[in-house]
Amino acid sequence: METASKAPEYISGSAKWILIITALSCAMLELIDSTAVSVSRPAMMGGLGATTMEIAWVITAYALGNVITVPLSAMLSAQFGRKVYFTGSVIVFTVSSLMCGLSSSLWMLVFCRFIQGLGGGGLLSTSQSIISDSFPPAEAATGVAIFGMGVLLGPAIGPVLGGYITDSFSWHWIFFINVPIGVLAAYLSWKYVPNLEDAVKTKKMDWLGIVLMIIGLCSLQYFLEEGASKDWFDSNEIVFFFILAVSGLSGFIWRELTTDEPAVNLKLYRNLPLALGNLMNLILGMMLIGVFFIFPLFAQDILGWTATMQGEFLIPSSIASIFAMLLVSKVILKKVSYHAASVSGILLFVLFLLFLSFSSADSNEHTLFWPFIISSFGKALVTVPIMTMALAGLRGTELAQATGLSNIMRQLGSAIGVALINIYLEHEKSMVRGNMVGHINQYNEIASERVAGIAGTFSAAGYPPDESMAASYKMVDQLLTKQEYLVSYNHVYIAAALFLLVSIPIIFMIRSPRKNGDTGQDMSMH
């Protein structure tokens, strides 16, 4: 390893606050865009002619880009210089946002979202360290606090902004709006971000590890996303990608454990609390983020909400998340054990899922308000102590690397969770549909009377007998589809609740740190 001799120079005056605003705006840009896309997916499905399974790629492609970039950010920042790397990430994010907005097909959008994820991973992972490393210790806490609040506000702003833009203009504009902000952010980052000269550079980039990681993760995601539609192992294509995923990930793990300068330091998993904590991060990413992936579809298919209505509905729970994070990290964890807090969070989120599993077409913003508030406190109660226990006792470079690994596992969990929940949702739709259709025939008196009644309504309106019967069957089909979707969504919520309950024993296997602050970190901001 080689280290340059210059010490970092701390900036002051207006440049300091311009730097905070620049880093903050870049982080919020990434977070706002991620949450805005969620409420816009139903509009994208209509505009691009995509199915639920296909539109999932818009989310998972971005998450995959993040998973690849986040663990490499520290190394790339040191290798090329923080100014160059951060500004480059802003430019990649901005250009890919423009291309996303210009996309005329689903797969062009998916590709551009993957590139956008590569840039976005660099933004979020580098922004906080820019502020921390550019200020003397006496001022760093203030900068980090401002940054942390912005990071918490981003997800609150995203849904309502995305909903308004989608309904008022089109889904393309949730990407176009990034362009002017990104151009300004690129200029400010190039002008004001310090290029720290004491960064440790690697003698040799671990390109083999990087390539194996990309091959393994992308193949795994393709296997999960496309396997169900291609009959899994009956398809040679799926078998090929499964073998590629296993080979790529196995090779990646072997490479990172045997090379002197790995791209991702997997040796940290010798620390059992970190390994178990990240296993929980993976599970939480799968279930918590996966469940919120399908809610916009549920809101449109069953409740008939517009994107704006969805965004406005999510504002209170987003604000509650900010309050809950601060309450848990500053108050609750000082009075309650980490294990008790984590289990309480799981149980609260399970309660939220059970509420959702009893949803009907008559559910509205009033009946769903408190369940979503409960979910905000549940997420905070489980994520903050899990992260704290996972990172307990780590310092310096190891802490930074471990934090990156934890973020990776959450992102990877979200990508896998979206795929698995989609698979289960589509399976339930076909099963429920088959069960319902099996009861609609000439021998079912109730069904026959219902069809005849609907046909009579059309006949009374002047339709010929043949058209009346055809219209009645079409209406019954629409009613069946809506009921099929409702029951399937409810089954997904129950399955997610059971999965979380089964994961509770893992929490008690994680060693709890001492209450005097074993990590020295405020985990609410990570």
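Residue numbers (my numbering): -8 to 517. Where a beta carbon is used, it is the ideal one built from N, C-alpha and C, also for glycine. As the structure is a prediction and not an experimental result, all values here were calculated from the model.
Could you give the distance in angstroms between the alpha-carbon of residue i and the alpha-carbon of residue j?
{"i": "W164", "j": "A52", "result": "19 Å"}
{"i": "S180", "j": "L22", "result": "18 Å"}
{"i": "K473", "j": "S479", "result": "10 Å"}
{"i": "I306", "j": "A266", "result": "34 Å"}
{"i": "A393", "j": "G295", "result": "43 Å"}
{"i": "V184", "j": "A14", "result": "9 Å"}
{"i": "S354", "j": "E417", "result": "22 Å"}
{"i": "M35", "j": "V49", "result": "9 Å"}
{"i": "E303", "j": "N426", "result": "36 Å"}
{"i": "N398", "j": "A352", "result": "36 Å"}
{"i": "K7", "j": "S16", "result": "14 Å"}
{"i": "D518", "j": "T448", "result": "Residue 518 is absent from the structure shown; the chain starts at -8 and stops at 517."}
{"i": "G511", "j": "G79", "result": "In this prediction, G511 scores a pLDDT of 44, lower than 50, which makes its location untrustworthy; the coordinate-derived value is nonetheless stated afterwards. Their backbone Cα atoms lie some 32 Å apart in a straight line."}
{"i": "N169", "j": "A451", "result": "54 Å"}
{"i": "D509", "j": "A298", "result": "Bear in mind that the predicted position of D509 carries a pLDDT of just 49, short of 50, making it unreliable; the figure below should be weighed with that in mind. If I take the Cα positions, the gap works out to 43 Å."}
{"i": "N269", "j": "K182", "result": "37 Å"}
{"i": "L100", "j": "L491", "result": "33 Å"}
{"i": "R502", "j": "P171", "result": "47 Å"}
{"i": "D225", "j": "F231", "result": "11 Å"}
{"i": "M44", "j": "V409", "result": "9 Å"}
{"i": "M500", "j": "S494", "result": "11 Å"}
{"i": "H357", "j": "S350", "result": "12 Å"}
{"i": "I445", "j": "L208", "result": "51 Å"}
{"i": "M300", "j": "Q469", "result": "23 Å"}
{"i": "F105", "j": "P455", "result": "53 Å"}
{"i": "I407", "j": "E217", "result": "12 Å"}
{"i": "G242", "j": "T249", "result": "11 Å"}
{"i": "G153", "j": "F71", "result": "34 Å"}
{"i": "G37", "j": "W162", "result": "10 Å"}
{"i": "P253", "j": "K195", "result": "10 Å"}
{"i": "V423", "j": "L477", "result": "10 Å"}
{"i": "I497", "j": "Y260", "result": "16 Å"}
{"i": "V327", "j": "S25", "result": "33 Å"}
{"i": "A65", "j": "L372", "result": "29 Å"}
{"i": "S(-4)", "j": "T388", "result": "Low local confidence applies: a pLDDT of 43 at S(-4) is under 50, so the model's placement there is unreliable, with the coordinate-based value given in what follows. Taking the straight line from one Cα to the other gives about 19 Å."}
{"i": "K465", "j": "I9", "result": "60 Å"}
{"i": "R386", "j": "L318", "result": "25 Å"}
{"i": "S515", "j": "A461", "result": "Because S515 carries a pLDDT of 49, less than 50, the predicted location of this residue cannot be relied on, and no value is offered for it."}
{"i": "L324", "j": "F314", "result": "14 Å"}
{"i": "F289", "j": "D251", "result": "49 Å"}
{"i": "P504", "j": "K321", "result": "16 Å"}
{"i": "G92", "j": "R441", "result": "46 Å"}
{"i": "T(-6)", "j": "L203", "result": "Any answer about T(-6) is weak, because its pLDDT of 44 lies below 50 and its placement is not dependable; what the coordinates show is given next. If you take the alpha carbons of T(-6) and L203, they lie about 28 Å apart."}
Would you mind stating whether residue i and residue j have Cβ atoms separated by less than 8 Å?
{"i": "G369", "j": "G404", "result": "no"}
{"i": "P264", "j": "A381", "result": "yes"}
{"i": "A47", "j": "N413", "result": "yes"}
{"i": "G200", "j": "V255", "result": "yes"}
{"i": "I206", "j": "I59", "result": "no"}
{"i": "G145", "j": "M19", "result": "yes"}
{"i": "P33", "j": "Q291", "result": "yes"}
{"i": "Y329", "j": "T374", "result": "no"}
{"i": "I365", "j": "L344", "result": "no"}
{"i": "S116", "j": "G384", "result": "no"}
{"i": "S29", "j": "P362", "result": "no"}
{"i": "R73", "j": "I121", "result": "yes"}
{"i": "S348", "j": "N481", "result": "yes"}
{"i": "R401", "j": "N227", "result": "no"}
{"i": "G113", "j": "F77", "result": "yes"}
{"i": "A27", "j": "G149", "result": "yes"}
Between residue i and residue j, how many whole angstroms is the CB-CB distance? I'm expecting something under 8 Å.
{"i": "S309", "j": "A54", "result": "Rounded, the Cβ-Cβ distance is 20 Å, inconsistent with contact."}
{"i": "I377", "j": "S312", "result": "The pair is not a contact, with the Cβ atoms about 16 Å apart (cut-off 8 Å)."}
{"i": "E247", "j": "L257", "result": "4 Å"}
{"i": "V483", "j": "I293", "result": "Incorrect: roughly 12 Å between the Cβ atoms, too far for contact."}
{"i": "G56", "j": "Q107", "result": "7 Å"}
{"i": "V83", "j": "G110", "result": "3 Å"}
{"i": "L39", "j": "L89", "result": "Between L89 and L39 the Cβ distance is about 18 Å, and since that is not below 8 Å, they are no contact."}
Please determine if the region 220 to 237 and the region 276 to 284 are in contact, where contact requires at least 3 C-beta pairs separated by less than 8 Å. no
Cβ contact check for the region 221 to 233 and the region 149 to 162: 3 or more pairs under 8 Å: no
How about the region 281 to 295 and the region 477 to 493: do they share at least three Cβ pairs that are nearer than 8 Å? yes
Does the region 169 to 179 come close enough to the region 208 to 215 that 3 or more CB-CB pairs lie under 8 Å? no
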